[in-house]
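Below is one structure, written out as structure tokens, with a few remarks after it.
Protein chains in written order, with the numbering used here: chain W, 1201 to 1390; chain S, 13 to 238.
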């Protein structure tokens, strides 16, 4: 029995060598670790409340993200590693979307999937720093910003039921579609 | 959510920790290997052993003696039944002293991802067949929570905490027993397919009809998959 156990373990060790995987890592950082420019942006945008800072590293590079709740909305502000603003994202409900744009997006889902359900909608704004801070302060200058919709959808097609992340512009034109790969659940299942 | 569950567990333990209760302390290492089999199927192979370091009765002197108790080998095939859930069935063989036990396993698992943690619920049944033709049926429910210690999800190179709480209803001939398991673990993710966990697997059984039996297993779990 011991020989069987040793052989089994050796088999496992051989297969334990990690394969190539996409490198993406996010971790919490302290406010004193972020560039002053990021904190200046949060201040100039008139945002109060607790800010959670995250650093994200991927093959595309590194970025800094500020997550907070403003009013009742979850807000996520992304900066590059020097503190330059990249975009602002806020989670919204389908009721807050332009009806014509939402209809166009739902038509796309209807043709892409047999059945689908929208799980999450994030509205993303990018543009000049001053326009973004003005928008966050009082909702002004929205027309000067570029708006995208990042939508997480549960959809069933010929390949089965999967989770996808779609990116649409403000007219409802599809920009990209990504399959969301769930992280391994073996340690929760077995 | 962690705090109420831990307090509930401690309450259960303190309530049933009584004199005349037996206890044992030992090691329970395990290795889990999973591989895809195509068409959505996955096979999980597991080897686990139990080694006792000491045992005794609360309030009396303990008996410190190493004893290799048992080895389990199992093979479970699973398939996704939906976006967040999967069904599985398999077989376990247990070698204990000169006794061999065969067990059939069925389980249904739901894993939900929240903003800062993952929660899994596992509903399982197993049937153990002993020499002599008798069979023990167990109906199980396990709640597991995995909490990253860095960021909003567990990434490669990061530590996490995992907490399991399981209830096992055992029916053997005319007898019934309830076993409660509380398992706090610390884990490290080398890669998404390679994780190591370490902690304590506490089990309380036999308290329904008799004096309780407390088991404290120091557990090491290695999860690897291809």
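Quick reminder that beta carbons are idealized off the backbone N, C-alpha and C, glycines included. No experiment lies behind these values; they were computed from the predicted model shown.
Chain-order list of residues whose beta-carbon lies under 8 Å from that of residue i (same chain, five-residue window excluded)
i	result
residue 91 of chain S	52, 53, 54, 98, 99, 100
residue 1273 of chain W	1290, 1291, 1292
residue 1249 of chain W	1268, 1269, 1270
residue 1301 of chain W	1349, 1368, 1370, 1371, 1372
residue 1345 of chain W	1325, 1326, 1327, 1331, 1332, 1335
Contact set for residue i: own chain, Cβ-Cβ below 6 Å, skip 5 residues either direction
i	result
residue 1319 of chain W	1352, 1354
residue 1281 of chain W	1262
residue 62 of chain S	40, 81, 82
residue 79 of chain S	64
residue 1376 of chain W	1367
residue 1316 of chain W	1309, 1353, 1355
residue 150 of chain S	138, 180, 182
residue 221 of chain S	none
residue 136 of chain S	119, 152
residue 223 of chain S	32, 33
residue 1402 of chain W	Absent from the structure is residue 1402 of chain W, since the part of chain W shown begins at 1201 and ends at 1390.
Residue burial classification, residue i (beta-carbon count within 10 angstroms, cutoff 16)
i	result
residue 163 of chain S	buried
residue 1385 of chain W	buried
residue 138 of chain S	buried
residue 71 of chain S	exposed
residue 183 of chain S	exposed
residue 87 of chain S	exposed
residue 176 of chain S	buried
residue 109 of chain S	exposed
residue 235 of chain S	buried
residue 1343 of chain W	exposed
residue 1336 of chain W	buried
residue 158 of chain S	buried
residue 1288 of chain W	buried
residue 1371 of chain W	exposed
residue 1321 of chain W	buried
residue 1230 of chain W	exposed
residue 1373 of chain W	exposed
residue 1303 of chain W	exposed
residue 1332 of chain W	buried
residue 188 of chain S	exposed
residue 1389 of chain W	buried
residue 169 of chain S	exposed
residue 1387 of chain W	buried
residue 1380 of chain W	exposed
residue 77 of chain S	exposed
residue 115 of chain S	buried
residue 1378 of chain W	exposed
Chain W within 8 Å of residue i, Cβ atoms only
i	result
residue 152 of chain S	no
residue 123 of chain S	yes
residue 221 of chain S	no
residue 134 of chain S	yes
residue 138 of chain S	no
residue 168 of chain S	yes
residue 159 of chain S	no
residue 108 of chain S	no
residue 48 of chain S	no
Min CB distance residue i to chain S below 8 Å
i	result
residue 1228 of chain W	yes
residue 1268 of chain W	no
residue 1275 of chain W	no
residue 1225 of chain W	yes
residue 1210 of chain W	Summary for residue 1210 of chain W: the model assigns pLDDT 49, below 50, so the residue's position carries little reliability, and this model does not support an answer.
residue 1309 of chain W	no
residue 1279 of chain W	no
residue 1241 of chain W	no
residue 1390 of chain W	yes
residue 1314 of chain W	no
Nonlocal neighbours in the same chain, by C-beta distance under 7 Å from residue i, ignoring five residues either side
i	result
residue 102 of chain S	86, 87, 88, 89, 117
residue 1314 of chain W	1356, 1357
residue 96 of chain S	122, 123, 124
residue 211 of chain S	195, 196, 197, 198, 231
residue 1235 of chain W	1282, 1283
residue 1278 of chain W	1263, 1265, 1286, 1287
residue 213 of chain S	40, 193, 195, 229, 231
In the segment 1364–1385 of chain W, which residues sit with their C-beta less than 7 Å from some C-beta in chain S, listed in chain order? 1383, 1384, 1385
Would you list, in chain order, the members of the segment 32–45 of chain S that have their beta-carbon closer than 7 Å to a beta-carbon of chain W? 43, 44, 45
Pick out the complete beta strand (DSSP E) segments inside the segment 128–182 of chain S, 3 residues or longer, and give them in chain order. 130–141, 147–160
Only counting runs of 4 or more residues, tell me where the alpha helix (DSSP H) segments fall wholly within the segment 1302–1386 of chain W, in order along the chain. 1329–1338
Residues of the segment 62–89 of chain S with a CB closer than 8 Å to any CB of chain W: list them in chain order, please. 83, 85, 88
What residues in the segment 1327–1339 of chain W have a beta carbon less than 7 Å from any beta carbon of chain S? none
Which runs of the alpha helix (DSSP H) at least 4 residues long sit entirely within the segment 1220–1263 of chain W? Give them in chain order. 1236–1244
For the segment 184–212 of chain S, list every residue whose C-beta sits within 8 Å of some C-beta in chain W, in sequence order. 199, 202, 203, 204, 205, 206, 207, 209
The segment 1344–1364 of chain W: positions lying closer than 8 Å to chain S by Cβ: 1354, 1360, 1361, 1362, 1363
At a CB distance below 9 Å, what residues from the segment 96–120 of chain S approach chain W? Give them in sequence order. 96, 98, 100, 107, 119
Using a Cβ-Cβ cut-off of less than 8 Å, give me the residues of the segment 1248–1260 of chain W that come near chain S, in sequence order. 1254
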